[in-house]
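For the sequence shown, the numbering used here gives the first residue as 1, with consecutive numbering after it. Think of the CB as a built atom: it goes at the ideal place given N, C-alpha and C, for glycine as much as any other residue. Before any comments, here is the structure.
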Amino acid sequence: MEKCLCLGCKEDFERRGNVPGQKYCSRPECQRERKRLWQKEKLHCDAEYRSNQVSAQGKWTTKNPGYWKQYRAANPGYTACNRRRQIMRNRQRKKSCKKRIAKMDE
Ligand SMILES: [Zn+2]
């Protein structure tokens with residue numbers, strides 16, 4: 001079997017023969033990271049996937065009203081952290097808009 005370095009935990013693992021190009025070991029946290037990055041990429045590039053996700057989340061929220069309100073009440077740390085992150089995301093968005101505008105002048 002071929003040994004290679006896991007992109008998640010940076011440790012050696014043996015590639016499974018049935019998974020060509022495997023870059024993550026089978027640890028749950030590494031698989032979670034792989035899935036997270038896959039979804040991030042997919043959301044960025046695939047408009048249909050993105051709209052499916054939005055509609056699925058909408059349906060879920062309708063079925064589970066008040067979930068996020070309760071979650072925020074039970075996890076004040078999450079709320080504070082998310083607020084800071086949203087400020088960063090908004091800044092990033094502004095920056096990337098400026099970049100696009102600058103490119104149009106070239
Ligand atoms: Zn790993």
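### Message
With H, G and I counted as helix, E and B as strand and the rest as coil, what does DSSP make of residue 43?
### Response
Correct three-state label for residue 43: helix.
### Query
Say the cut is 7 angstroms; is the CB of residue 27 nearer than that to a heavy atom of ligand 1?
yes
### Query
Does the Cβ of residue 9 lie closer than 7 angstroms to at least one heavy atom of ligand 1?
yes
### Task
Starting from the N-terminal side, write out each stretch of the beta strand (DSSP E) that is 3 residues or longer and does not extend beyond the segment 68 to 98.
Complete beta strand (DSSP E) runs here, min 3: none at all.
### Query
If you draw a straight line from the alpha carbon of residue 83 to that of residue 75, how long is it in whole angstroms?
13 angstroms
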